[in-house]
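Here's the structure, in structure tokens; my notes come after.
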Amino acid sequence: MKRNIKLKIHKSNKYLYIILINCYNNKIITSYTNLNKEIKILNNKLKLNSIFLLSKKIFKDLLKRKIKIIIFDRNKFKYHGKIKFLSNLLRKFGLIF
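242 is the number of the first residue of the sequence shown in this note's numbering; add one for each residue after it.
Laid out in structure tokens, this is it:
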């Protein structure tokens, strides 16, 4: 299978911004962040719990679109902390990258 969907991550000190991009026509499919209300409440209490809910939301959306193989683009950020936790959760849910 060809990998044509890129999961691109941007991280600030508080929040994660995740964008799904179609690589063939460079169009944004959808975007996610932990700024919405139900995840933002959890973000103040437990940061990893909000990332768990965010990864679950991403995985459900990708399953609806029948996408199982993606390109994981972490930009300039090191593979540790929140980014490592997010990628490990997505792998456990069944995504391949």
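We put the beta carbon where it would ideally sit given N, CA and C, even for glycine.
Going by DSSP, name the residue or residues bridged to Phe313.
On the sequence shown, position 72 is the one that residue 313 refers to. For Phe313, which the question treats as bridged, DSSP gives the partners Leu248.
Taking the alpha carbon of Phe293 as the point to measure from, which residue in Phe313, Thr274 and Ile308 has its own alpha carbon closest?
As a working mapping, residue 293 is identified with position 52 in the sequence shown. Of the candidates Phe313, Thr274 and Ile308, the one whose C-alpha sits nearest the C-alpha of Phe293 is Thr274.
Rounded to the nearest angstrom, what separates Asn254 and Lys305 at their Cα positions?
As a working mapping, residue 254 is identified with position 13 in the sequence shown. As a working mapping, residue 305 is identified with position 64 in the sequence shown. Taking the straight line from one Cα to the other gives about 31 Å.
For Ile262, tell me which candidate among Ser291, Asn277, Ile310 and Gly322 has the shortest Cα-Cα distance.
The residue you call residue 262 lines up with position 21 of the sequence shown. The shortest Cα separation from Ile262 among Ser291, Asn277, Ile310 and Gly322 belongs to Ile310.
Is Asn316 closer than 9 Å to Ile250 when the C-beta atoms are compared?
Counted from its first residue, the sequence shown places residue 250 at position 9. Counted from its first residue, the sequence shown places residue 316 at position 75. Note that the C-beta distance between Ile250 and Asn316 is below 9 Å.
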